[in-house]
Amino acid sequence: MIKVEGLTKRYARNVAVDHISFEVEKGQIVGFLGPNGAGKTTTMRMLTCFMPPTEGSAQVAGFDIRENPMEVKRRIGYLPESPPVYPEMEVIEYLDFVGRIKGVPKANLRSRIDEVMQKTAIADVRNKEIGKLSKGYRQRVGLAQAILHNPDVLILDEPTSGLDPHQIIETRDLIKGLAGDHTIILSTHILPEVEAMCQRVMIINRGKLVATDTMENLSSRLHGAETVAVEVLSRDGVFTPEWVATVREKLEKVTGVTRVIAKDSKDSRARFTVESQKESHVRPELARAVIESGWQLNELHGMGLSLEEIFLELTASRDGSTTEPAPQAAAEEAQ
Amino acid sequence: MNTFTIARKELSSYFRSPIAYGVMCFFALITGFFFYSAVRFFLQQSLQATMMGQSVPLNVNEWVVRNVLNNMSVIGLFIIPMITMRLFAEEKRTGTIELLVTSPLRDFEIILGKWLAAFVLYLAILGTSVLNMLVLFAYGNPDWRPMAVGYLGLILQGGCLLAIGTFISGTTRNQIVAGVATFGVCLLLWVLDWVSQFESSKLFSVISYLSVTSHFESFMRGVLDSKDVVYYLSMIVFGLFLTARSMESIRWRA
Numbered sequence: 000m001i002k003v004e005g006l007t008k009r010y011a012r013n014v015a016v017d018h019i020s021f022e023v024e025k026g027q028i029v030g031f032l033g034p035n036g037a038g039k040t041t042t043m044r045m046l047t048c049f050m051p052p053t054e055g056s057a058q059v060a061g062f063d064i065r066e067n068p069m070e071v072k073r074r075i076g077y078l079p080e081s082p083p084v085y086p087e088m089e090v091i092e093y094l095d096f097v098g099r100i101k102g103v104p105k106a107n108l109r110s111r112i113d114e115v116m117q118k119t120a121i122a123d124v125r126n127k128e129i130g131k132l133s134k135g136y137r138q139r140v141g142l143a144q145a146i147l148h149n150p151d152v153l154i155l156d157e158p159t160s161g162l163d164p165h166q167i168i169e170t171r172d173l174i175k176g177l178a179g180d181h182t183i184i185l186s187t188h189i190l191p192e193v194e195a196m197c198q199r200v201m202i203i204n205r206g207k208l209v210a211t212d213t214m215e216n217l218s219s220r221l222h223g224a225e226t227v228a229v230e231v232l233s234r235d236g237v238f239t240p241e242w243v244a245t246v247r248e249k250l251e252k253v254t255g256v257t258r259v260i261a262k263d264s265k266d267s268r269a270r271f272t273v274e275s276q277k278e279s280h281v282r283p284e285l286a287r288a289v290i291e292s293g294w295q296l297n298e299l300h301g302m303g304l305s306l307e308e309i310f311l312e313l314t315a316s317r318d319g320s321t322t323e324p325a326p327q328a329a330a331e332e333a334q
Numbered sequence: 000m001n002t003f004t005i006a007r008k009e010l011s012s013y014f015r016s017p018i019a020y021g022v023m024c025f026f027a028l029i030t031g032f033f034f035y036s037a038v039r040f041f042l043q044q045s046l047q048a049t050m051m052g053q054s055v056p057l058n059v060n061e062w063v064v065r066n067v068l069n070n071m072s073v074i075g076l077f078i079i080p081m082i083t084m085r086l087f088a089e090e091k092r093t094g095t096i097e098l099l100v101t102s103p104l105r106d107f108e109i110i111l112g113k114w115l116a117a118f119v120l121y122l123a124i125l126g127t128s129v130l131n132m133l134v135l136f137a138y139g140n141p142d143w144r145p146m147a148v149g150y151l152g153l154i155l156q157g158g159c160l161l162a163i164g165t166f167i168s169g170t171t172r173n174q175i176v177a178g179v180a181t182f183g184v185c186l187l188l189w190v191l192d193w194v195s196q197f198e199s200s201k202l203f204s205v206i207s208y209l210s211v212t213s214h215f216e217s218f219m220r221g222v223l224d225s226k227d228v229v230y231y232l233s234m235i236v237f238g239l240f241l242t243a244r245s246m247e248s249i250r251w252r253a
């Protein structure tokens, strides 16, 4: 349904989207995961023909976004990050306007509007001014706008941002209900959201697609391991790269440890992120290994798997290097 | 078709905010004042003329209508920025421009629709002044033809300035900036005419030709000159063309 090849958007100073390629099959919900500024919105804007790419091509429902933007636009429903509503309009009036500009045949526009209002549960506010609606309702009006012309492809940019937890669950259920009829790409920087809704996830970072995987694989990667942060001080103040390497080796030898990632060390403290198999309880063993080697254990604590960790994990395992600075910087951006 | 959908939406949002009513009131009030003072002056003059024994009555068209039309064209410079400033700037600020651009609409349909809505509002505003003219018909017998030509001039001049305002609104996301810039350009196009008073070299006559007001003069005198009609029409097309260009460039840069 969607086929993207080497899509690139370059601005004067930076590259917002860097040679992204992926495919989405019909009826799938795909999550676009990444920190703010990773290039999610830019990619979506290119797919919706809001802006053309600098390089590369993309096909939506068989039409090229450069050659046939009109056909693409007819087949895409798009919900930008802030719902594109006119505050002074009434809901029904707004949907009527959208229906007209999207080319919904006049004869069934009325019934289509009713259907969509039912689906998005906004029928009770049909005659209210959009500006007076709550954020949750406004978001749903935005969603109604996106599905009004029954598009093949739905592109939703952070559909749950700014909603309260209750509204988030409602919106998620609504989106899940739309799958099947529509192929959906949604973007988010919240991980559980992807878990709750998507079959596939694409992780984008600094304009690059760093991982694309099914939800099951990602979950097992996430939950299959325990991560521990370790900070070690050498007793006699010696701090050399060789010593750091020795510590690392030592930690790697502890049973249950799968991987040791050296973090930036400073003030003669060596810092590591240690990953271990699930339920192997490596923490006491790690402590013992450090103490028995005659070093000081400065810190030892378990880490929850935050989005930043996943980025670290996924980018690191892909590039083969463990101390690549880019994902770390991106993780800081995300905070 | 899509053009009319856009135009209808724009018009309804004009009349839903206080802008349309405010501008209309403002215009009606000022025009009414100018009309009143022109009529008073006219009465005074004709009284004097009669007392001095002049047998031919003074021309209402010449003394009142031309005067009021001229004033209205100047007031137009003030109200046009108020009409056009929100057209694109507002959509860009709230992000609704994304809806328009990602809908199967052509750029010119969006632009023409917006300009058309502004134009219709402008016509409605001009319409308030017709009341004054009807008073003239009720108590005197002015010639309607030069008056109609004068109104045509106002309409064309307005259309041209609205096109320029539409373009300027499309270059910013700030309504105030759009309004102020449009006002500045309107004012500049107005005063450009003045240079011709000092010199009559080629350059100055070209500059003077660019002024919107220099083309309005013949309309005001009741003369329909094709040269001026062409000027206004081409300015409208040029303004809307610039808007289309800037919309495109924003899409490439944004």
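Protein chains in written order, with numbering that gives the first Met the number 0: chain A, 0 to 334; chain B, 0 to 253.
Just so it is clear, CB atoms sit at the ideal spot from N, CA and C, and this is done for glycine as well.
A straight line joining the alpha-carbon of S200/B with that of I64/A spans about 53 Å. Considered as a whole, the segment 5-90 of chain B harbours 17-50 and 65-83 as its complete alpha helix (DSSP H) runs of no fewer than 4 residues, in chain order.
When secondary structure is reduced to three states using DSSP, F31/A falls in the strand class.
The Cβ atoms of F96/A and K113/B do not sit closer than 9 Å to each other.
For A261/A, the uninterrupted beta strand (DSSP E) segment begins and ends at V256 to A261.
Contact between L208/A and A143/A is absent: CB atoms are separated by about 31 Å, not below the 8 Å threshold. A straight line joining the alpha-carbon of N70/B with that of I112/A spans about 49 Å. Distances from the CA of E225/A to each of L6/A, L232/A and H280/A were compared; the closest alpha carbon is that of H280/A. If the five residues before and after G5/A are omitted, its C-beta is found closer than 8 Å to the C-beta atoms of H18, I19, S20, E54, G55 and S56, all from its own chain and listed in chain order. Around the beta-carbon of R109/A, fewer than 16 other beta-carbon atoms lie within 10 Å, marking it exposed. In this structure, D142/B lies near N60/B, with their beta-carbon atoms less than 9 Å apart. Around the beta-carbon of E157/A, 16 or more other beta-carbon atoms lie within 10 Å, marking it buried. Exclusion of the five residues before and after L10/B leaves A116, V119 and L120 as the residues of its chain whose Cβ lies within less than 8 Å of its Cβ.
In terms of Cβ geometry, M45/A and F31/A do not form a close pair [threshold 9 Å]. For M69/A, the chain B residues whose C-beta falls within less than 7 Å of its own C-beta are P103, listed in chain order. Here K101/A carries a coil assignment [DSSP, helix/strand/coil]. For P79/A, the residues of chain B that pass the 7 Å Cβ criterion are G94 and E97, in the order they occur in the chain. Contacts between R15/B and chain A, judged by CB atoms closer than 7 Å, involve E87 in chain order. Per DSSP, M201/A lies in no alpha helix (DSSP H) segment; the continuous beta strand (DSSP E) that holds it begins and ends at R199 to N204. Using a Cβ distance threshold of 9 Å, K72/A and G38/A do not count as a contacting pair. Close to K8/B, with beta-carbon spacing below 7 Å, are these residues of chain A in chain order: F96. Listed along chain A, no residue sits closer than 9 Å to T165/B by beta-carbon distance, the nearest being about 18 Å off.
Apart from sequence neighbours up to five positions away, the residues of its chain that approach R247/A with a beta-carbon distance below 7 Å are V259, A261 and F271, ordered along the chain. Selection F34/B, V179/B, V176/B and L188/B evaluated against L130/B yields F34/B as nearest (Cα-Cα). As for any beta strand (DSSP E) of minimum length 3 sitting wholly inside the segment 92-145 of chain A, there is none. Chain order gives no chain B residues near K118/A, where near means a beta carbon separation below 7 Å; the closest approach is about 19 Å.
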